[in-house]
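Participant: Below: one structure in structure tokens.
In the numbering used here, the protein residues as written are 1 to 524.
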């Protein structure tokens, strides 16, 4: 049985009459860039060539925070704990973290956190929460806190030095020296101990894991890396995020810890990894990427026989959450298609094909997936499912998604940093950049034949940023990069004359604000 048999998107048979030369631009597909030859007017330079937002310490941040009300899910002490940027759950006050017992909501703690919770983990019978916060009540708990149910009932600080930046991922790993809580994020140190995005907590002190991570944003220019995902698979620790190097070693947004240093896995990815999981005995990664190793994988890949491989045609937008439910792989993100099928922000893979989970959610990304009492839950920025109010968290009960009481509500749309300024900046827009309702902040790509064997390629950007425009073939191989570089927000056009054999090809435009693509059918 082939668990990962590829599926193909049917090639449209409609032919545009205006294309007398036989070259056709069909079916917009949003895609993310990977790694020139057309004429184009250059634009000005930007201090951030990859267009990423920066927080108040100048660090890069890939998250769009405008609607991330729900983010983290974990089952602990027979309750479902939910973390995010909300202030109320089910109508009760429960800032940043709340509990669901299957029927009603309650606060996670007797005292409130003052920011966002991005990650949970259980370590030594206590629940740990990480994110962007500084206090629980009047007690300082910078970026990470623990909940001892046998203690005060409030979030408690960790002893020792504190992290100097936000925390996005937590897991527990034992590399032979005993279990440690592993944290990933945008922090660079704990007190005087350099960590560079990832560190281990033994219950008393933080310690580094090798050199941590950095991002080479342009040749010779390195910025701190960010870890967005951590996962232990077959007793090995894996990290994914927005980084390209660990020390002098290139790792491509994904790395494996060997007990002494971080090492690459099949060449890594061409853009940030946002989620890591497993399915059918193999490691799975999801994110903004399109290329993994030498394969085009469209935002989701599994590691089979040491090489990254696609799940059919993958999704048409980023994957931010991965889980297993009843022997099926479930993913959530900013897509509305999986394998060419309509799947609104959440989809399932049964080993052969993609399928929708009912109507999905209607209007925003899925950022978290989790299991509680044998049922599947999703959380994120969405408000409705099939026009029914679910309010940022929903339970799957085939064939529909159902609300958890009044859901999650909040006014914490962007937490404030110590200087009173927002620590985050949007990547562009409050919704996912996928086909659908037209918005002024969308990335757009249009292809117009010129009648002489050439094309006019027109694209528009909502803001300044780094773009790449690639040509790939039907097998997913990247053939050439047509254009790349910093471009100003607004409309651009370039002339392109390909020399291609008959067949199906793709044009893919990637930018920090989103991606678009066009399929090209070349006939004699």
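All C-beta atoms, glycine included, are put in the ideal place defined by N, C-alpha and C. Keep in mind it's a predicted model, so treat the numbers as computed, not measured.
At the level of alpha carbons, what is the spacing between residue 135 and residue 190?
Facilitator: Rounded to whole angstroms, residue 135 to residue 190 spans 17 Å at the Cα level.
Participant: Please state whether DSSP places residue 324 in a helix, a strand or coil.
Facilitator: Correct three-state label for residue 324: strand.
Participant: Going by beta carbon distance, what residues of the same chain come within less than 6 Å of residue 393, once the five residues before and after it are set aside?
Facilitator: Around residue 393: 70, 379, 404, 407 and 408.
Participant: Here's a check: name, in chain order, each residue in its chain whose Cβ is nearer than 6 Å to the Cβ of residue 506, leaving out the five neighbours to either side.
Facilitator: Same-chain partners within the cutoff: 472, 517 and 519.
Participant: What is the rounded straight-line gap between the Cα of residue 234 and the Cα of residue 173?
Facilitator: So the two alpha carbons sit approximately 11 Å from each other.
Participant: Could you pull the start and end residues of the beta strand (DSSP E) that residue 233 belongs to?
Facilitator: Here the beta strand (DSSP E) through residue 233 covers 226-233.
Participant: Just the C-alpha distance for residue 270 and residue 111, rounded to the nearest angstrom, thanks.
Facilitator: Approximately 42 Å between the Cα atoms of the pair.
Participant: Buried or exposed, going by whether 16 or more other CB atoms sit within 10 Å of the CB of residue 322?
Facilitator: It is buried - the Cβ of residue 322 has at least 16 other Cβ atoms within 10 Å.
Participant: Can you list, in chain order, the stretches of the beta strand (DSSP E) that have 3 or more residues and sit fully within the segment 334-370?
Facilitator: The qualifying runs are 346-349 and 354-356.
Participant: If I measure Cβ to Cβ from residue 207 and keep anything under 6 Å in the same chain, skipping five residues before and after, which residues do I get?
Facilitator: Around residue 207: 200.
Participant: Helix, strand or coil for residue 507? Go by DSSP, reduced to three states.
Facilitator: Of the three classes helix, strand and coil, the one that applies to residue 507 here is strand, per DSSP.
Participant: Among 127, 359, 497 and 83, which residue has its Cα nearest to the Cα of residue 155?
Facilitator: The residue with the shortest Cα to Cα distance from residue 155 is 127.
Participant: Could you say which of 194, 449, 444 and 455 lies nearest to residue 461 if we only look at CA atoms?
Facilitator: The residue with the shortest Cα to Cα distance from residue 461 is 444.
Participant: CB-CB under 7 Å to residue 232, same chain, minus the five flanking residues each way: which ones, in chain order?
Facilitator: 171 and 173, listed in sequence order.
Participant: Considering residue 375, what are the terminal residues of the beta strand (DSSP E) in which it resides?
Facilitator: Taken as a continuous stretch (DSSP letters only), the beta strand (DSSP E) holding residue 375 covers 375-380.
Participant: Could you round the C-beta distance between residue 165 and residue 184 to whole angstroms and report it? I think they count as a contact, below 8 Å.
Facilitator: Rounded, the Cβ-Cβ distance is 11 Å, inconsistent with contact.
Participant: Am I right that residue 448 and residue 491 are in contact with their C-beta atoms under 8 Å? What's the rounded C-beta distance?
Facilitator: Actually they do not touch by this definition, with Cβ atoms about 13 Å apart.
Participant: Which runs of the beta strand (DSSP E) fall wholly inside the segment 258-301 and span at least 3 residues, in chain order?
Facilitator: With a minimum length of 3 residues, the continuous beta strand (DSSP E) runs that stay inside the segment 258-301 are 262-264, 273-279 and 282-287.
Participant: I'd like to know if the segment 255-262 and the segment 301-310 are in contact, where contact means that at least 3 CB-CB pairs between them fall below 8 Å.
Facilitator: Verdict: no, contact absent.
Participant: With DSSP run on the structure shown, which of helix, strand or coil describes residue 140?
Facilitator: Correct three-state label for residue 140: strand.
Participant: Since residue 145 sits in a beta bridge, which residues does DSSP pair it with?
Facilitator: 129, per the DSSP bridge assignment.
Participant: Which one or two residues does DSSP pair with residue 468 in a beta bridge?
Facilitator: 484 and 510, per the DSSP bridge assignment.
Participant: Go ahead and label residue 508 buried or exposed: buried means 16 or more other beta carbons lie within 10 angstroms of its beta carbon, across all protein chains shown.
Facilitator: Buried.
Participant: Could you tell me which of 230, 309 and 248 sits nearest to residue 266, measuring between CA atoms?
Facilitator: Among 230, 309 and 248, the Cα nearest to that of residue 266 is on 309.
Participant: Between 372, 344 and 328, which has its C-alpha nearest residue 352's C-alpha?
Facilitator: Of the candidates 372, 344 and 328, the one whose C-alpha sits nearest the C-alpha of residue 352 is 328.
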